[in-house]
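Remarks on the structure that follows.
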Amino acid sequence: MEMNTMLLKALASCDIKLAKILIKGGVNLNIKNPAGQTPFMIACLMNVDVNKKIQVIKCLLGNNVQINETDGLGRNAMMYAVHSKSTEVINFLNEYFLS
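Quick note: the sequence shown, position 53, residue 53 per UniProt numbering, numbers continuous.
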């Protein structure tokens, strides 16, 4: 399995440890799945402890992920965060985008 695809699968299955290893290992952080979702979008949607979710998001942001990408329906990562109803992630992203 290709390393970039492994990242998408790790995030989709909420395997935080593997995702962070792959992110730090230099995989393509801007790859898209067939629906056009990037690792950043999937991370914002993950159903895990909010602190773990923010750790992954910080890891992605610290490794030059493209933050303005959109999926096949025109949704961006912030929209995924809103859909996940995680106010902590939404606030974190707002602070990040405004700084």
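The C-beta atom is built at its ideal place from N, Cα and C for all residues, glycine as well.
Query raised in the report: Quick one: is T87 near chain D, going by C-beta distance under 9 Å?
Result: The structure shown has no chain D; it contains just one protein chain.
Query raised in the report: In terms of alpha-carbon separation, which member of V89, L73, N94 lies closest to K32?
Result: L73
Report task. Find the nearest neighbour of I23 within the set P34, N94, K58, judged by alpha-carbon distance. Result -> K58
Query - For C14, the nearest candidate out of L45, N76, N64, H83 (CA to CA) - result: L45
Query raised in the report: Which residues bound the alpha helix (DSSP H) around A19?
Result: 16-24
Query raised in the report: Span of the alpha helix (DSSP H) holding T87?
Result: 87-98
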